[in-house]
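Numbering (the numbering used here), first residue to last: 123 to 362. By construction, the Cβ of each residue, glycine as well, lies at the ideal position given by its N, Cα and C atoms.
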């Protein structure tokens, strides 16, 4: 009985994932409900976002809605460009071990991306690989969670840091469901990648945890490769 109801859930929740890139929908896509937020309803230090009151953050030329890690081989961007906090840090000669630990932690990058996209506090709790689960999506869909299901597209984008993880997904068997290679669409979160989904994609949710593992591992590897050269090293021969 549980399997039946879960299958029914999957056939419905796929509607809100019809556009998993940057939360942007194309023709026929499930459209987010307009925000009913008004500024007077938000507490001090908060402002109206797409999904309700979100913590106000300083705006600058470095503030982008993209993930902190972007495609380093994108010819339209400076090499090794990092948005947000990460880009600011990359200007420093060296970073200490505390900052290095943050910038190489996929959960930290996940959370920063969600904050940059002005997700409300009730959704920020999902911006962690331990709490972003099929169960949490189900709770959001059935409105048993205060985070609106429409925010799932932004959360998915941030989990992947706006990157293409299809190679890892292939190694982890994401395509070994009845949906086959169609499941790869969930692994490619590059900006502007919009796919209209159908019921054929429902089996892909059986590999949700495998997909998350790819996101986590590849983001960590990329962050280490980029930031390790900036890490302050202890002196090899300190004076006594």
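How is residue 164 classed by DSSP in three states: helix, strand or coil? coil
In three-state DSSP terms, what is residue 267? The answer is coil: DSSP assigns residue 267 none of H, G, I, E or B.
Could you work out which residue in 285, 235, 243, 219 is closest to residue 314 when comparing CA atoms only? 285
Do residue 336 and residue 269 have their C-beta atoms closer together than 7 Å? no
Measure the beta-carbon distance from residue 276 to residue 239 and round it to whole angstroms, keeping in mind my assumption that it falls under 8 Å. 5 Å
Can you tell which of 258, 294, 265, 293 has the C-alpha that lies nearest to the C-alpha of residue 278? 258
Backbone CA spacing between residue 347 and residue 287 [nearest angstrom]: Their backbone Cα atoms lie some 17 Å apart in a straight line.
Cβ of residue 330 within 7 Å of Cβ of residue 256? In contact: residue 330 and residue 256 (Cβ atoms closer than 7 Å).
For residue 248, count neighbouring C-beta atoms within 10 Å of its own C-beta (all shown protein chains included) and say buried if the count is 16 or more, exposed if not. buried
I need the straight-line Cα distance from residue 274 to residue 332, nearest angstrom please. 18 Å
If you draw a straight line from the alpha carbon of residue 322 to that of residue 338, how long is it in whole angstroms? 26 Å
Whole-angstrom distance between residue 164 and residue 289, CA atom to CA atom: 43 Å
DSSP three-state label for residue 296, please. Here residue 296 sits in coil by DSSP.
Opposite residue 217 in the DSSP bridges: which residues? 353
I'd like to know whether the C-beta atoms of residue 305 and residue 326 end up nearer to each other than 7 Å. yes
CA-to-CA distance, residue 230 to residue 241, given in whole angstroms: 15 Å
Residues in the same chain with beta-carbon distance under 6 Å from residue 267, minus the five sequence neighbours each way, listed in chain order, please. 261
State the DSSP-derived secondary structure class of residue 309, mapped to helix, strand or coil. In this structure, residue 309 counts as coil in the three-state DSSP scheme.
So who's on the other strand from residue 170, going by DSSP bridges? 175
On the criterion of 16 or more Cβ atoms from any shown chain inside 10 Å, does residue 355 qualify as buried, or is it exposed? Note on residue 355: under 16 other CB atoms within 10 angstroms of its CB, so exposed under the neighbour-count rule.
Within a Cβ cutoff of 7 Å, which residues of the same chain sit near residue 299, ignoring the five residues on either side of it in sequence? 305, 325, 326, 328, 329
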